[in-house]
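*Asks:* Under the numbering used here, think of the first position of the sequence shown as 363, with each following residue one higher.
All residues carry an ideal CB built from backbone N, CA and C; glycine is no exception.
Quick one: this structure, given as structure tokens, is what I'll be asking you about.
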Amino acid sequence: MNVMYPEESKMAALATLRIEEFCSVADTPEFIDRLCAEYPSKFPDSTLSEAEIRSWRNSLPALADLLRRQVPHPQGHILIEYPMPVGSLRADCILIAENENGPQVIVVELKQWTRGSVTLRDELGVSWLFVSASPAYTTIHPCEQANVYRTALEHTLDFGPLSPSFSSMAFLHNYVEAAEGELLRSEIYGLHLENCLLVSKSNGREGLGALLSELKRPSQAISFLNEPQLKYSDSFIVNFSDKLNCSALFKATKGQTAAFKKIAATVRNAEAKTCVIVKGLVGTGKTVLAMKLVQYLMQLGKNPKYYVKSAAIGQCIKDLAFASDGRAETAYLVVDEAHRLTKEKAAGLMRNKDLVVFFIDDCQWISPTETCRSRDLLDAAHARGFEVITHVLDEQLRCGGANLYVQWVHDLVIGGQLKAYTPASTFPVEVVSSLQAMEDLLTEQADRGRNATCRMVAGYCWHWQTESTPGTGYDIHIDGWRGRWNERMAFKAWNSVLGFNEEVGAIYTVQGFEYDYVGIIIGPDLVLKGDRIEVEYEHNADKWVRNVRNDPTLRDEAIRNIYYVLMTRAKKGVLLYAVDEPLREFLRTSIGPVGPGR
């Protein structure tokens, strides 16, 4: 059987070298050329910019010179451009070695800044820095960024029997600090400076020797960085860990940045009650933005709460301080997946609020009881005297080919448009001949990609016979293949386990979560008749859907939305199987071979 997906790289970083080798080659043009040559294959979803190449040419030789000057010379390895376990950002460098106390890991953040090019920009109420560069940009303190990376590695990577010590350092090799009142060492950054060594051109050397002296010899722990395994498998779950500021690991899109700035300015200057409605399709980063807002409101001391209806998501976050069951007394509320609510519930959440932020996708409601739409939020907010801000997120955060796939699914399932589709090499889509083939391919992929989350999901067309006998028996029977729905109230375990989970996920388990590779079983409630995709609701086993007898349009929309959600859970690739033979044949003939990455 052909394997659908290519072998994933085992070396996570762009380059891995012994420290002494790095010190000898870092200032050579050949080394920079090597990094440029490796970049496309290591990071196929990212475009290498001239600014990044320039930063290598300027900062890596400076780091090598810093390491060469240490006595005794540090030993061990350096990893350059190391991707974070979750999110889309990379640490500039990681130093790893060991001493008599065990493995030592140092995260290094490099900056080319000079004094005068950096100013405080606190109009949003947080300690952001404005950097005069080409182009200019706003960013967090480099020690905060290094600490985010360090914490992510410490709490999401599995080092087996080893227990590394983690440290972080920000190296500003061109920056000469002010004799008095240095901005980067001001009191507002005290917490970040306590946990990260700031080394500039003029200061910080006194702590450097002690830090680098811990690097005494190469460590076997490097294998856990080169072939990383996660303690947590789903970026969404990790997002809600109170040990991490994981929203800082995701590079914000222009849309997210614009939305955040607009909302943050409103919070900062609000003189009236405000309702913010953020609309976005799947994969546009609604939850990432929600987390940034919760973090921001915490920084302002606003005691925000986060509410989501989903039982699956709620099970993952119920122990966190900012999680709400919808009854919390707070003036600042962030509501995720507002499309899962009734319009009455959504309106009730506005009661006694100074600020309420709703994230919604009008195509992701999945039950006729979920009646809230963006227009209902708008009407309810106006009726209660709120000032209203609306924003649309329209940029995909997933890999290059996912955006076109999501649009094709929307046109097919929601719009009923029978169009051909050519998958991108970065996001393969394949129609399988049988469910056994689907299971085999997902199992193979789970075995090949050690951190891959691989799931089978299905429309709810088979009754849940095993609800009272978890782990035994089968619910789904299709042409000799048998499957079982996921165990009741075991949402967190089902969503978080690495590899392939043999249980099949239903819509209420998977909505709001993403997985690397997903196999979708399109049940007999979605069929092809002539040139139309039609719904046959009598094959659906969901009582909430079947009981809608007086509004067939609403019932049909619910089933279409369910498949829209199920078919858009994957981050890296999709397998499809339709029970209806004409629909399966259409998918087989209309989905072309993999095309170039887009």
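1. Touch check for the segment 436 to 448 and the segment 379 to 386: three-plus C-beta pairs under 8 Å?
2. In the segment 816 to 883, which residue ranges form an unbroken beta strand (DSSP E) of at least 3 residues, counting only runs that do not cross its ends?
3. Taking the alpha-carbon of E706 as reference, which of W490, A742 and V433 has the nearest alpha-carbon?
4. Using alpha carbons as the reference points, say which of L860, A764, F789 and Q618 lies closest to T805.
5. What span of residues does the beta strand (DSSP E) with R452 cover, start to end?
6. Note down, in chain order, each residue of its chain lying with its Cβ closer than 7 Å to the Cβ of G569, except the 5 sequence neighbours on either side.
7. How about the segment 735 to 754 and the segment 768 to 783: do they share at least three Cβ pairs that are nearer than 8 Å?
8. What span of residues does the alpha helix (DSSP H) with I924 cover, start to end?
9. Label V433 either buried or exposed according to how many other C-beta atoms from any shown protein chain fall within 10 Å of its C-beta, with 16 as the threshold for buried.
10. Tell me which same chain residues have a C-beta within less than 6 Å of the C-beta of D904, skipping the five on either side of it?
11. Does the contact criterion of 3 or more C-beta pairs under 8 Å hold for the segment 576 to 586 versus the segment 547 to 562?
12. Return the CA-CA distance between L441 and A375, expressed in angstroms with no decimal places.
13. Please report the straight-line C-alpha distance between E898 and Q827, rounded to a whole angstrom.
14. Run through the segment 483 to 535 for me and flag every whole beta strand (DSSP E) of 3 or more residues, listed as ranges in chain order.
15. For the beta strand (DSSP E) containing P445, list its first residue and its last residue.
16. Spell out a yes or no on whether the segment 869 to 886 and the segment 920 to 932 are touching, meaning 3 or more CB-CB pairs, one atom from each, closer than 8 Å.
17. Should P445 and P526 be called a contact, given that it needs their Cβ atoms to be closer than 9 Å?
18. Look up K664 in the DSSP assignment and say whether it is helix, strand or coil.
19. Looking at the structure shown, is A786 part of a helix, part of a strand, or coil, going by DSSP?
20. What did DSSP end up calling A932 once you bin it into helix, strand or coil?
21. Who are F720's beta bridge partners in DSSP?
22. Where A700 and F721 are concerned, what is the direct C-alpha to C-alpha distance, given to the nearest angstrom?
23. Output the boundary residues of the beta strand (DSSP E) element that contains I468.
24. Going by C-alpha to C-alpha distance, which of G778, F492 and L592 sits closest to T500?
25. Rounding to the nearest angstrom, what Cα-Cα distance links K641 and A808 in this structure?
26. T378 by DSSP, collapsed to three states: which one?
27. Looking at C-beta atoms only, is the number of pairs between the segment 537 to 547 and the segment 509 to 523 that lie closer than 8 Å three or more?
28. Do L755 and V629 have their CB atoms nearer than 9 Å?
29. Quick one: grab the DSSP three-state call for T649.
30. Give the straight-line distance between the Cα atoms of S858 and E801, rounded to the nearest whole angstrom.
31. Going straight from the alpha carbon of A583 to that of E460, what length do you get?
32. Can you tell me where the alpha helix (DSSP H) with S421 in it begins and where it stops?
33. Which residue marks the beginning of the alpha helix (DSSP H) containing L739, and which one marks its end?
34. Using only alpha-carbon positions, find the residue among T815, S795, E829 and E864 that is nearest to Y942.
35. For a test of the three-state rule: what should DSSP assign to R908, helix, strand or coil?
36. Where H839 and G833 are concerned, what is the direct C-alpha to C-alpha distance, given to the nearest angstrom?
*Replies:* Taking the coordinates as given:
1. Because the criterion of three Cβ pairs below 8 Å is met, the segment 436 to 448 and the segment 379 to 386 touch.
2. Runs of the beta strand (DSSP E) inside the segment 816 to 883: 838 to 840, 843 to 845 and 861 to 867.
3. The residue with the shortest Cα to Cα distance from E706 is A742.
4. Residue L860 is the option with its Cα nearest to T805.
5. The continuous beta strand (DSSP E) containing R452 extends over residues R452 to N461.
6. So the qualifying residues of the chain are L559.
7. By the C-beta criterion, the segment 735 to 754 is judged not to be in contact with the segment 768 to 783, since fewer than 3 inter-stretch pairs fall below 8 Å.
8. I924 -> alpha helix (DSSP H) spans P914 to L928.
9. Answer is exposed; the Cβ neighbour count stays below 16.
10. Excluding positions up to five away in sequence, the list reads Y822.
11. By the Cβ criterion, the segment 576 to 586 is not in contact with the segment 547 to 562, since fewer than three pairs of Cβ atoms, one from each stretch, lie closer than 8 Å.
12. For L441 and A375, the distance between alpha carbons rounds to 6 Å.
13. Roughly 22 Å separates the two Cα atoms.
14. Counting whole runs of 3 or more residues, the segment 483 to 535 contains the beta strand (DSSP E) stretches 490 to 493, 499 to 501 and 527 to 534.
15. Looking at the DSSP string, the run of the beta strand (DSSP E) that includes P445 is H439 to P445.
16. Flag = yes, the segment 869 to 886 and the segment 920 to 932 touch.
17. P526 sits away from P445, with the two beta carbons spaced by 9 Å or more.
18. In this structure, K664 counts as coil in the three-state DSSP scheme.
19. In this structure, DSSP gives A786 an extended state, which the three-state scheme calls strand.
20. Note: A932 maps to strand in three-state DSSP.
21. Note: F720 sits in a beta bridge opposite I639 and V697.
22. Cα to Cα, A700 sits roughly 6 Å from F721.
23. From DSSP, the beta strand (DSSP E) with I468 extends over G464 to K473.
24. Residue F492 is the option with its Cα nearest to T500.
25. Distance between the alpha carbons of K641 and A808: 34 Å.
26. Here DSSP, grouped into helix, strand and coil, assigns T378 to strand.
27. These segments do not touch.
28. Result no, Cβ atoms of L755 and V629 do not sit closer than 9 Å.
29. Helix, per DSSP.
30. Linking S858 to E801 through their CA atoms gives a straight-line distance of about 19 Å.
31. Rounded to the nearest angstrom, the two C-alpha atoms are 9 Å apart.
32. Taken as a continuous stretch (DSSP letters only), the alpha helix (DSSP H) holding S421 covers E412 to R430.
33. Counting along the chain, the alpha helix (DSSP H) containing L739 begins and ends at S736 to A745.
34. Per the sequence presented here, residue 942 reads as Asp, with Tyr not at that position. For the residues T815, S795, E829 and E864, the minimum Cα distance to D942 belongs to S795.
35. DSSP, reduced to helix, strand and coil, places R908 within a helical segment of the structure shown.
36. Between H839 and G833, the C-alpha separation is close to 16 Å.
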